[in-house]
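Colleague: The opening residue of the sequence shown carries number 264 in our numbering; numbering runs sequentially from there. Positions of the beta carbon are idealized from the N, C-alpha and C atoms, including for glycine. Model, not experiment: these values are computed from the prediction. First, the structure itself, so that you have it in front of you.
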Amino acid sequence: VDLSATTGKTVLNVDAGGGTTKLGVVQNGEVVETFATNVGARLVAMDEAGRVTRIEDAARMVARDLGLPFVMGQRLGAETRRAMAERLADCLLEAIERRGFSPLGEQLLVTPALKYDGPFDFITCSGGVGEYIMGAETRTFGDLGPFLGAAIRRRLDTLGVEIVPSAARIRATAIGASQYTLQVSGTTIYITSPELLPLHNLQVVTPRLPEELTPGGVAEAVQAALQRGDVTGGTQPIALALRWDREPGYRSLRALADGIAAGLDGYRTERAPIVLAFDGDVGGIVGSIMATEVCPDAAVISVDELKLSDFDYIDIGAEIRHVQAVPVIIKSLVFRPEHPHVHDHDFLHRHGIAHGEHHEHAQGSEHDHGDAHEDHGHV
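So this is what it looks like as structure tokens:
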């Protein structure tokens with residue numbers, strides 16, 4: 264993201280992990296499109312003797328495509344692992360080149376193909392297989408990792424696009440080794456009940472609001488952001504990060520709240536709270552509108568003056584009652600050059616509106632394996 268923001272160029276990030284590989288197209292410092300395919304190191308796993316202990320459906324598809332026998336307990340030699348990795352890398356290259364998919368490539372798709380059809384100026388790599396792609400890892404972990412990393416690197420080298428090393432490598436078990444960043448807190452937030460907290464590892468989703476705020480336009484922006492972030496209904500906790508540079512009039516804020524509610528319909532379970540994070544100082548008022556007028560039966564947490572991006576995750580801690588504040592930690596999976604090491608910072612959001620307190624509106628005025636695969640040393 265920073266590479267794109269500082270150069271003004273288009274960057275393709277290849278995030279290759281255990282179960283899937285995700286592509287992110289970044290322009291002017293913003294992730295404009297993402298893609299995912301079932302290309303990963305741990306689609307098949309072996310024990311120390313090389314016997315197959317796990318086979319994912321995608322691995323069976325690759326084996327059938329290659330005409331290979333594939334059963335649990337069989338020994339999987341280096342040549343077979345290499346052949347599977349080469350075929351998976353072929354399918355990933357199809358997605359990057361955007362010239363159409365082979366039958367196997369179609370079968371492995373998790374999301375629709377990239378719509379962006381322009382050139383890439385730089386390529387960056389992340390994830391556990393990204394370590395192999397960049398030559399930072401050589402060990403084996405009973406899977407396809409070394410073979411897949413080498414196969415992907417050879418194909419990337421044919422594209423004629425500069426491959427830029429990441430400022431810091433992601434090495435972790437749950438959501439990646441995170442960079443913790445400190446930002447100045449807002450002065451108002453809204454929480455319907457203190458029992459909602461703490462919350463951990465909320466994936467940040469960043470809708471791009473339309474120029475004219477209407478409930479329908481906001482709903483479309485929210486749904487597009489959820490799709491871009493590969494969010495499926497009720498399966499993962501999220502926080503909507505919203506940029507607000509408008510006048511905080513009631514009509515606009517109500518349209519925003521209505522659109523958010525409509526956009527989340529089908530994605531949010533009844534018990535999941537609505538978590539909102541604004542860069543402008545409107546967290547309290549939007550949270551109140553959402554909780555008292557739009558979704559009175561929903562749990563709402565709304566914080567503000569946060570600068571968040573796609574690939575960030577946040578933790579919101581339990582309320583510190585005597586100072587009317589909550590600790591918030593921002594964990595970035597997109598490493599920034601000026602912060603090459605992992606830092607652990609938290610900060611406080613002070614309440615400007617009490618739990619569930621109603622307010623009056625101004626009259627006449629218008630804001631891995633990161634996949635579900637067991638970690639064995641690489642992401």
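#1: Expressed to the nearest angstrom, what Euclidean distance is found between the alpha-carbon atoms of Gln-337 and Arg-345?
#2: For Val-302 versus Leu-377, is the C-beta spacing smaller than 9 angstroms?
#3: Determine the burial state of Glu-360: buried for a count of at least 16 other Cβ atoms within 10 Å of its Cβ, exposed for fewer.
#4: So what's Asp-560 in DSSP terms, helix, strand or just coil?
#5: State the Cα-Cα distance for the pair His-630 and Glu-483, rounded to the nearest angstrom.
#6: Among Tyr-379, Thr-374 and Asp-353, whose alpha-carbon lies nearest the alpha-carbon of Gly-412?
#7: Going by C-alpha to C-alpha distance, which of Ile-552, Gly-271 and Met-553 sits closest to Phe-383?
#8: Should Asp-528 be labelled buried (16 or more other beta-carbon atoms within 10 Å of its own) or exposed?
#9: Nearest-angstrom Cα distance between Val-566 and Leu-539?
#10: Identify, in the order they occur along the chain, each residue of the same chain with its Cβ nearer than 8 angstroms to the Cβ of Leu-459, setting aside the five sequence neighbours on each side.
#11: Go to Ser-389, then tell me how far its beta strand (DSSP E) extends in each direction, as first and last residue.
#12: Which residue from Thr-269, Asn-291 and Glu-296 puts its Cα closest to that of Pro-277?
#13: Using DSSP with H/G/I as helix, E/B as strand and the rest coil, what is Pro-473?
#14: Got a sec, what are the start and stop residues for the alpha helix (DSSP H) Val-302 sits in?
#15: Which same chain residues end up closer than 8 angstroms to Leu-519 when comparing Cβ atoms and leaving out the 5 residues on each side of it in sequence?
#16: Of the choices Ala-581, Ala-487, Ser-572 and Ile-454, whose alpha-carbon is the least far from that of Gly-547?
#17: Among all the DSSP beta bridges, which residues are the ones paired with Lys-285?
#18: Return helix, strand or coil for Phe-541, following the three-state DSSP convention.
#19: Examine the Cβ distances between the region 301-316 and the region 416-430 and report whether three or more of them are shorter than 8 angstroms.
#20: Identify whether Ile-694 lies in helix, strand or coil by the three-state DSSP scheme.
#21: Exposed or buried, what is Thr-401 when buried is set at 16 or more other beta-carbons lying within 10 Å of its beta-carbon?
#22: Which residues in the same chain have their Cβ closer than 7 angstroms to the Cβ of Asp-573, if we skip the five residues on either side of it in sequence?
#23: If distances are taken between C-alpha atoms only, which option among Asp-575, Ile-579, Gly-512 and Ala-581 comes closest to Ile-552?
#24: For Asp-406, which residues from the same chain have a beta carbon less than 6 angstroms from its beta carbon, with the 5 sequence-adjacent residues on both sides left out?
#25: Could you tell me which uninterrupted alpha helix (DSSP H) segments, each at least 4 residues in length, are contained entirely in the region 340-370, listed from first to last along the chain?
#26: Can you name the start and end residues of the beta strand (DSSP E) that Ile-318 belongs to?
#27: Looking at the structure shown, is Ser-267 part of a helix, part of a strand, or coil, going by DSSP?
#28: Thinking Gly-287 and Gly-391 are a contact (beta carbons under 8 angstroms), I'd like their distance in whole angstroms, please.
#29: Are the Cβ atoms of Thr-387 and Val-334 separated by less than 9 angstroms?
Modeller: So, to answer that:
#1: 16 angstroms
#2: A distance of 9 angstroms or more separates the beta carbons of Val-302 and Leu-377.
#3: Under the 10 Å beta carbon count, Glu-360 is surrounded by fewer than 16 other beta carbons and is classified as exposed.
#4: Asp-560 falls in the coil class under three-state DSSP.
#5: Any reading at His-630 is ruled out, since the residue's pLDDT is 35, under 50, leaving its predicted position unreliable.
#6: Asp-353
#7: Per the C-alpha coordinates, the member of Ile-552, Gly-271 and Met-553 positioned closest to Phe-383 is Gly-271.
#8: exposed
#9: 6 angstroms
#10: Pro-536, Ala-562 and Ile-564
#11: 385-389
#12: One detail in the question is off: residue 277 reads as Val in this sequence, not Pro. Comparing Cα positions, the closest option is Glu-296.
#13: coil
#14: It is not in any alpha helix (DSSP H) - Val-302 carries neither H nor E in the DSSP assignment.
#15: Leu-472, Leu-476, Val-481, Leu-505, Val-549 and His-630
#16: Ile-454
#17: Asp-278 and Ala-299
#18: strand
#19: no
#20: Outside the shown range of the chain, which is 264 to 642, sits residue 694, and nothing can be said about it.
#21: With fewer than 16 other Cβ atoms within 10 Å, it is exposed.
#22: Cβ neighbours of Asp-573 within its own chain (closer than 7 angstroms, five residues either side excluded): Val-294, Val-467, Thr-469 and Gly-492.
#23: Gly-512
#24: Ala-304, Arg-305 and Ala-308
#25: Runs of the alpha helix (DSSP H) inside the region 340-370: 341-360.
#26: Counting along the chain, the beta strand (DSSP E) containing Ile-318 begins and ends at 315-318.
#27: helix
#28: The pair is not a contact, with the Cβ atoms about 16 angstroms apart (cut-off 8 angstroms).
#29: no
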